[in-house]
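Protein chains in written order, with my numbering: chain A, 1 to 82; chain B, 83 to 736.
Let me begin by presenting the structure, written as structure tokens, before commenting on it.
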């Protein structure tokens, strides 16, 4: 189960972007790369939240959560039509 | 939709919504299963050019061209990256990899909110009339985020983000998940930033009623909508061989049954399966049901699917009986054989008759569409109820709107029952759910936005709530079909929406983003949660030398919680005058059964000399000890010569 990949929504503290990145997308990709070689960014978000979504194992998600600038690694939710 | 505009008094209020009779430059964004653009509800005759600044568009797909967009349907996009990451590639033999709606739900909700007027609309002859959206001149943009396997939050968030940057004024989401904390609930997260940009967000409360604490989408910056009935019904009468006659509902429109009684059998007696009474696939013994009317129990498989099972087994007709789970709630279905749904009591009596009479017989007579039904509205049993488990101090749902047996436009990919084997194709369909009541409020919000361009989302929600009614003309409370008793604010919030009054509410309870931030401090959010939810990383959002309280959020309703030992609770509110100068006097009362709750309001008179003026008041609630779990209810009303501004009160002893 720990290796099964699920989608997570990663909330980032926009102002915490290190100076060596020109723009947030690079920073997000680098932060993801630092915990997983296989994971790729599904979406980046910048209007309603700052962050991105990606397929991660639980271990990678936990590792990411402790990274500077990462606010929250939130498991994706499946919603139903009412 | 047909009948709803009349039921809501919209046919009489063009004068009240002068600007929004044009309402032309208000854009409603609908996150759902997409759109069937060829429907006449998206006809753009008489509409002016697409609003300046609009950035949306019709995305292309194998069955969807950018030319599908016009001056009514000004945007149609689809989002499936999250869905396909979780579920694998979309099966294009079953679903369109495009904005096209293969389900019907998204076409139904978007045309309910803002569909153009379409004469001669009906479903198989039922509910005939001119189908109009709530805001027939507003523009529509659809964002397909729901696929056969569900609606995934990474797609929803991206769609909300794109809708906001496209330039929508209203966001309508008839979908929900469990009750997660706001900062973990993607719809709440997206809605918060949308609210900050002045976008009104309305969501369905959920169909998990009538149990308590069953609602979704309870964030205070979202308008949470429950469902009620219209004054329209589709009666079908079941006459048994013993002469007893029972009323049910049906949208069956095929060949009628003979008027002479036909053999009647209970499915549980015509099956080898232990669950035979549910009329599930392959469960009925053809020799036993051939040529008969079969009594099936509701549950497990889809209602119309049971009709397929009976028909395939050679049955001539079906009576579908509610069980305790649905009680007396009747939802009309487009059965594919002569079939009718009946309430639990009638079903139980019929079952006894079918099992005891040596030669049970029955007949079904279909009576078509009846209007003027009373009492109406009644609260749908399925409509999810409060209290708001995430923040009990915020009363939810906010209000109810029509959500039972609503006719609106439908997809061309699927029949009216939504079942794969249903080869019928219809331009309009009748379905029920808080999915249907939400877009009613979204469309009404669009009308208000057009009539009052300067109103915040909170002011629009306030106007819709404080002008809602919670009783019938005879003074009796709106009934809850689940109990047969008057509904409480935990069922209906402020009550049933009344747009003709909402356009001129007198006073509004406005709430700014800063007020919501204080609310987050009041629910003890830390910097991380606040940053994750609001996108603003302000370490000192909650000041150490201030006190924050949920009772200070300027909400248009009151939710009071006492310990079992009783006590007092103080709420503060500020109202903004949006009408004529005037003096308002307050009346307020609440009680838990015969035990009064003391409600005192200071000051008891508010005088406004100009529009835009704000005045504040304090409400002190006090109550004696009551058993934990007791609920009490009441209402706080400010009245002037011209306006009545009502707020529900819910009191809970924890």
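Beta carbons are placed, not taken as given, at the ideal position from N, Cα and C, and that holds for glycine.
These numbers come from a predicted model, not from an experiment.
The beta strand (DSSP E) spanning residue 378/B covers which residue range?
Where residue 378/B is concerned, the enclosing beta strand (DSSP E) stretches over 375-379.
Quick check: the Cα distance between residue 337/B and residue 375/B, rounded to an integer number of angstroms?
Roughly 14 Å between the two C-alpha positions.
State the start and end residues of the unbroken beta strand (DSSP E) segment that holds residue 11/A.
Here the beta strand (DSSP E) through residue 11/A covers 6-12.
Just curious, the alpha helix (DSSP H) that residue 26/A is in, first and last residue?
Note, residue 26/A: alpha helix (DSSP H), 24-33.
Strictly under 8 Å for the Cβ-Cβ distance: is residue 7/A near chain D by that measure?
The structure shown contains no chain D; its protein chains are A and B.
Grab the span of the alpha helix (DSSP H) containing residue 583/B for me, first residue to last.
It spans 581-584 - the alpha helix (DSSP H) in which residue 583/B sits, taken as one unbroken run.
Mind checking the region 215-243 of chain B against chain A and listing, in chain order, the residues whose C-beta falls within less than 7 Å of any C-beta there?
Those would be 228, 232, 233, 234, 235, 236, 238, 239, 240, 242, 243, in chain order.
So what's residue 464/B in DSSP terms, helix, strand or just coil?
Correct three-state label for residue 464/B: coil.
Any C-beta of chain B sitting closer than 8 Å to the C-beta of residue 13/A?
Closer than 8 Å to some Cβ of chain B, the Cβ of residue 13/A qualifies, so yes.
Quick check on residue 104/B: does DSSP put it in helix, strand or coil?
A caution first: residue 104/B carries a pLDDT of 47, below 50, which makes its placement in the model too unreliable to give a value.
What's the call for residue 40/A, buried or exposed, on a 16-neighbour Cβ count within 10 Å?
Under this definition residue 40/A is an exposed residue.
Can you name the residues of chain A whose CB is closer than 9 Å to the CB of residue 271/B?
Chain A residues near residue 271/B: 9, 11, 48, 49, 74.
Given a cut-off of 8 Å, decide if residue 346/B and residue 436/B are closer than it, judged by their beta-carbon atoms.
Contact flag set, yes.
Identify every run of the alpha helix (DSSP H) within the region 498-565 of chain B, keeping only runs that are complete inside it and at least 4 residues long; order them along the chain.
The region 498-565 of chain B contains these whole alpha helix (DSSP H) runs: 516-533, 539-548.
Once you ignore the five residues that flank residue 251/B on each side, which residues in its own chain have a CB closer than 6 Å to its CB?
Cβ within range, chain order: 108, 109, 531.
Going along the region 32-64 of chain A in order, which residues come within less than 7 Å of chain B, judged by CB to CB distance?
Answer in chain order: 42, 43, 45, 47, 48, 49, 50, 53, 55.
Is residue 147/B helix, strand or coil when you go by DSSP?
Residue 147/B: coil per DSSP, three-state reduction.
For residue 703/B, which of 318/B, 691/B, 722/B, 733/B has the nearest alpha-carbon?
Nearest C-alpha to residue 703/B: 733/B.
Which class does residue 67/A belong to by DSSP, given the choice of helix, strand or coil?
Coil, per DSSP.
Under 8 Å, Cβ to Cβ, is there at least one residue of chain A near residue 266/B?
Closer than 8 Å: yes.
Just the C-alpha distance for residue 104/B and residue 528/B, rounded to the nearest angstrom, thanks.
Per-residue confidence for residue 104/B stands at a pLDDT of 47, beneath the threshold of 50, marking its modelled position as unreliable; the derived number appears in the next sentence. Distance between the alpha carbons of residue 104/B and residue 528/B is about 11 Å.
Locate the alpha helix (DSSP H) running through residue 628/B, then write down its first and last residues.
Neither: residue 628/B is in no alpha helix (DSSP H) and is coded neither H nor E.
Report the neighbours of residue 164/B on chain A: residues whose CB is nearer than 8 Å to its CB, in chain order.
The contacting residues are 7, 42, 43, 53, 76.
Are the beta-carbon atoms belonging to residue 70/B and residue 284/B less than 8 Å from one another?
With chain B covering only 83 through 736, there is no way to say anything about residue 70/B.
Residues bridged to residue 714/B by DSSP?
Beta-bridge pairing links residue 714/B to 733/B.
Rank 379/B, 390/B, 420/B by C-alpha distance to the C-alpha of residue 428/B and give the top, closest one.
For the residues 379/B, 390/B, 420/B, the minimum Cα distance to residue 428/B belongs to 379/B.
Quick check on the burial criterion: 16 or more other C-beta atoms within 10 angstroms. Buried or exposed for residue 441/B?
With fewer than 16 Cβ atoms within 10 Å of its Cβ, residue 441/B is classed as exposed.
If you draw a straight line from the C-alpha of residue 276/B to the C-alpha of residue 617/B, how long is it?
Straight-line Cα distance between these residues: approximately 11 Å.
In this structure, how does DSSP classify residue 596/B when only helix, strand and coil are distinguished?
Note: residue 596/B maps to helix in three-state DSSP.
Do residue 588/B and residue 686/B come within 8 Å of each other at the CB atom, strictly closer than that value?
For residue 686/B and residue 588/B, no; Cβs fall outside 8 Å.
Between which two residues does the alpha helix (DSSP H) carrying residue 237/B extend?
Start and end: 235-248.
Can you tell me which of the three DSSP states residue 426/B falls into?
Here residue 426/B sits in helix by DSSP.
Count the other CB atoms, across all protein chains shown, that sit within 10 Å of the CB of residue 535/B; report buried if there are 16 or more and exposed otherwise.
Exposed, by the Cβ-count rule.
Beta-carbon separation of residue 516/B and residue 466/B under 8 Å?
Contact flag set, yes.
Report yes or no: do three or more beta-carbon pairs, one from the region 481-492 of chain B and one from the region 205-219 of chain B, lie closer than 8 Å?
In short, these stretches touch, since the Cβ pair count reaches three.
Whose CA, out of 156/B, 165/B, 230/B, 458/B, lies closest to the CA of residue 176/B?
For residue 176/B, the nearest C-alpha among the options comes from 230/B.
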